[in-house]
Amino acid sequence: MRNLSPALILAVALAACSSEPESPNSAAPVDATTEATEGATVPAATPTPLSSPTPVASPTAAPTPAETPAPGKTLALEGLGALRIGEAVPRGSGWAERGAQIDEGCRTVSSPAFPGVYAIVTEGKVRRITVGQRSDVKLVEGIRVGSSEQAVRQWFGGFRAEPHKYEDRPAKYLTAPNAASGDPAVRFEIGQDGKVSLIHVGTMPVLAYVEGCA
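Residue numbers (mature numbering (1 follows the signal peptide of the UniProt record, and there is no 0)): -18 to -1, 1 to 196.
Listed below in structure tokens is the structure:
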């Protein structure tokens, strides 16, 4: 073999070094906006702002009845059990006139099955049902005699307040704003203790009577 000169050997070595592939361990440029986590590239964390985000309005939750009325013990705009506003007293229902009646044109009826409750009848039809003391009858909302005025207003906002005829403030009447429409409506009597003393359901003008048939 022909002897190579030292200069030629050096030139060959330099050429071989410059043609080697790049090492797999060579560091690649890293994007400033990303960081590697277990081989996966994920966005870099964004700093949490110190100010609170804009609040998202949530719907107002309806109040929950404190207690569900027992079947047959629920007073509604339509009436109470078989006793219906705007209809005659049903035969065989247990509702009947009891005690002295002061007006031939206006009668009151009651039932042993509903102590503390009476109804006013005019022209042969039920015009109002009143729930008083000793009664366990409730509205579907759970409001009953003894409930607070605050509980009433929670369910029945916008009711018209009027001074009570026989009791000093804060006693009052709270009447549905649509009572004058001729449709059945609700009226509460609030005592001086701030609690419901009577609940009336019926049609005007009988709904606003303050002494039974008067």
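Cβ coordinates follow ideal geometry from the N, Cα and C atoms, glycine included.
- If you ignore the 5 residues before and after Val122, its C-beta comes within less than 6 angstroms of the C-beta of Thr56, all in its own chain and listed in chain order.
- Between the alpha carbons of Tyr191 and Gln83 lies a distance of about 16 angstroms.
- Rounded to the nearest angstrom, the gap between the Cα atoms of Gly164 and Gly76 is 28 angstroms.
- Burial is judged here by how many other beta carbons sit within 10 angstroms of a residue's own beta carbon; Gly106 has fewer than 16 and is exposed.
- Looking at the DSSP output, Cys88 shares a beta bridge with Asp85 and Thr104.
- If you look at Ala161, you'll find it isn't in any beta strand (DSSP E); DSSP assigns it neither H nor E.
- Cβ neighbours of Gly54 within its own chain (closer than 8 angstroms, five residues either side excluded): Gly63.
- In this structure, DSSP gives Glu131 a helical state, which the three-state scheme calls helix.
- Rounded to the nearest angstrom, the gap between the Cα atoms of Ser117 and Tyr100 is 10 angstroms.
- By the Cβ-count criterion, Pro166 is buried, with 16 or more other Cβ atoms from all chains shown falling within 10 Å of its own Cβ.
- Straight-line spacing of the CA atoms in Ala58 and Gly194 works out to 20 angstroms.
- Distance from the Cα of Lys147 is smallest, within the candidate group Ala95, Ser93, Glu171 and Arg110, for Glu171.
- From the listed residues Gly68, Ala196, Pro187 and Val183, the smallest Cα separation to Arg126 is found for Val183.
- Less than 8 angstroms divides the Cβ of Val108 from the Cβ of Leu65.
- Looking at the backbone, the Cα of Glu60 and that of Ile67 are separated by about 6 angstroms.
- Listed in chain order, the non-local C-beta contacts of Lys177 below 6 angstroms within the same chain comprise Gly128 and Ser130, local neighbours out to five positions each way being set aside.
- The beta-bridge partner set that DSSP reports for Tyr155 consists of Glu144 and Glu171.
- The beta carbon of Ala78 sits closer than 8 angstroms to the beta carbons of Val71, Val91, Ser92 and Ser93 from its chain, once the five residues preceding and following it are set aside; these are given in chain order.
- When C-alpha distances from Gln115 are compared across Thr185, Val188, Leu189 and Gly173, the shortest belongs to Gly173.
- Contact between Arg110 and Val168 is ruled out by a C-beta separation of about 11 angstroms, above the 8 angstroms threshold.
- Look at Leu59 here: in three-state DSSP terms it is coil, with no helix or strand label.
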